[in-house]
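Here's the structure we're looking at; comments come further down.
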Amino acid sequence: MVNALSCFDVDVSVVESGAKLADAGRIVLPGVGSFDAGMCGLAERGHLEALRNRVLDAGVPYLGICLGMQFLFEGSAEGSLAGLGWLKGRVERFVSGPGHPKVPHVGWNEVDIAPSSSLMAGLESPTDFYFVHSYYAPLAATETVAVGTCDYGVRFCAALERDNIAAVQFHPEKSQLGGMKLFQTFLNPGQ
Amino acid sequence: MSIVQKHRLIASLLVYNGDVVQTRRFRPTNNVGSAFTAVDFFNGWTVDEIIVLEISKDDAHLDRFETIVEGLSRRCFVPLTVGGKIRDLDRVQTYTRAGADKVALNTAALQRPTLITEIAGRYGSQCVVVSIDARRNPLMPSGYEAVGDRGRVPSGRDARAWAEDVVRLGAGEILLNEIEHDGDKRGYDLGLVRLISDAVDIPVVAFGGVANWDHFVEGVRLGHAHAVAAGNIFHYTEHSTKKAKEFMTAAGLPVRGTTFYKVAMPRRPSYKPF
């Protein structure tokens, strides 16, 4: 992730404590691991309050990736901890077993992009992005914010935008030029 | 429910004693220079994934290989599979820390199959690619034997039975090569590719022998491979992965598109020769 962002004309730092978020002009939250472990990590580092201050109050542009998208909701089927709760609804698990596609969902898949998307302006619809996940934000919970949808046995929210908050379920840093274009748009919306 | 997954086009780099090489029948033939230049080319075009394998005789060049992998992950914005000399979880960790999304293993898995399960347990099956190097052997039930140690040590295992075993053990994907076809420009060993692809329900990546774009199409159509890989052919042909994709599209295969987006990346690492 740092490698990808570092290609652009921006200074990238990995912040270990919430206090350091104060200086950030843009915030990217990639997620690795599981929902509860991730929320614990955010709480321990003092990121929860800092994110609320910076993103919700100060309006700093936020890009959540993968788990960083799922954290925005009230909770997840993967864990018992509360999410940030900035968006209503809960993250669900793909149904697995006979008659369903394999879980996790790994690989390139098409994302249908809404014309209203600013993050993916300039990208064709559909564009293929690279996914690795077992949990997803249902469309029912994201009706008003979804700007990208993807079909994996069930159609789910692959990208959302609300004011200064954007989030994607896929990995732009693994999605070649489509992903790099998305980063460019996030980092330099004017270009 | 079956989801139509697009067929992946994969570029592979073989690193021998720290250099990218071409091979024929598993012997390095010539040096083609820097892995970074090659990846810069693939990246700007349309390859779906990159596989980089360390194929030196011994461990003497592994440090340099790690440096190469780190360098690749700084400029490779597609999934990266790294293989070579994986005998334990430590090496898997080294490779994933250096930027690997998946690891490919062969010889150690033949010697100690539970290694597959150990890696899948810690990193998930999607991270585990088992590489099978097969050679014709009429004494084997399927007619092919799995061979270890860079094509030099027959394992005594039937290639198809081994493929079925690795699925049970937790492999997420099989990278399949036939030793006599490697670098031989005859295309894949389609009989082998179909034999293995039809026997397992995980993706099989056909590799070895591609000399023209039609070989990719054959790999999918006749070999039933899920994904197709090549090394040598990409090194000297300009825009080769794009042309390969366009050929596959024209042949009616579902593949990821080749749309080019101009993205200014002023701080992207520039090419520095070793």
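Those sequence lines, one after another, are chains A and B.
Going by the working numbering, the residue at position 99 of the first sequence is 99; the numbering climbs one at a time, nothing skipped.
To convert a position in the second sequence, counted from 1, into the working numbering, add 1000.
Ideal Cβ placement from N, Cα and C applies to all residues, glycine included.
If you look at B/Ser-1073, you'll find it isn't in any beta strand (DSSP E); it sits in the alpha helix (DSSP H) that goes 1062-1075.
Separation of A/Val-32 and B/Arg-1136 (C-alpha to C-alpha, rounded to the nearest whole angstrom) is 43 angstroms.
In terms of CA proximity to B/Thr-1249, B/Phe-1216 leads the group B/Phe-1216, B/Leu-1053, B/Ile-1051 and B/Ser-1125. Only exposed fits B/Phe-1260, as fewer than 16 other CB atoms lie within 10 angstroms of its CB. B/Leu-1175 sits away from B/Ile-1086, with the two beta carbons spaced by 8 angstroms or more. Ranked by Cα distance from B/Thr-1094, the options B/Leu-1062, B/Asp-1058 and B/Thr-1107 are led by B/Leu-1062. Judged by DSSP in its simplified three-state form, B/Ser-1155 adopts strand. Counted as a single uninterrupted DSSP element, the stretch harbouring B/Phe-1026 is not any alpha helix (DSSP H), since DSSP gives it neither H nor E. C-alpha of B/Ala-1120 to C-alpha of B/Arg-1168: approximately 11 angstroms in a straight line. In this structure, A/Val-10 places its C-beta atom within 8 angstroms of the C-beta atom of A/Leu-187. In summary, A/Gly-99 is exposed, with fewer than 16 beta-carbon neighbours lying within 10 Å of its beta-carbon over all protein chains present. In the displayed model, A/Ser-118 falls within coil according to three-state DSSP, outside both helix and strand.
By the C-beta criterion, the segment 1076-1086 of chain B is judged to be in contact with the segment 1052-1061 of chain B, since at least 3 inter-stretch pairs fall below 8 angstroms. With a threshold of 8 angstroms between beta carbons, B/Pro-1079 makes contact with chain A.
Between A/Trp-86 and A/Ile-165 a beta carbon distance of about 7 angstroms is seen, short of the 8 angstroms cut, so the two are scored as contacting. Residue state for B/Ala-1098 is assigned as coil, using DSSP reduced to three classes. Taking 8 angstroms as the Cβ-Cβ cut-off, the segment 165-179 of chain A approaches chain B at Glu-173, Lys-174, Ser-175, Gln-176, Leu-177, Gly-178 and Gly-179, given in chain order. The residue among B/Ser-1240, B/Asn-1030 and B/Leu-1192 with its C-alpha nearest the C-alpha of B/Gly-1219 is B/Leu-1192. Around the CB of A/Ala-58, fewer than 16 other CB atoms lie within 10 Å, so the residue is classed as exposed. A/Gly-148 is positioned such that its CB atom lies closer than 8 angstroms to that of A/Ile-113. Closer than 7 angstroms at the C-beta level to chain B, one finds these residues of the segment 2-17 of chain A: Asn-3, Ala-4, Ser-6, Cys-7, Phe-8 and Asp-9.
Taking C-beta atoms as the reference points, B/Ala-1211 and B/Gly-1231 fail to come closer than 8 angstroms.
Note: A/Glu-161 is bridge-paired with A/Ala-166 in the DSSP secondary-structure output. At a beta-carbon threshold of 8 angstroms, the residues of chain B lying near A/Asp-128 are Lys-1006, Arg-1256 and Gly-1257, ordered along the chain. Under the DSSP definition of a beta bridge, A/Trp-108 partners with A/Tyr-130. Sorting A/Ala-37, A/Arg-52 and A/Ser-118 by C-alpha distance to the C-alpha of A/Ala-159 places A/Ser-118 at the top. When only Cα atoms are considered, B/Gly-1183 and B/Leu-1013 end up about 13 angstroms apart.
By the CB criterion at 8 angstroms, A/Phe-73 and A/Gly-83 fall inside the cutoff.
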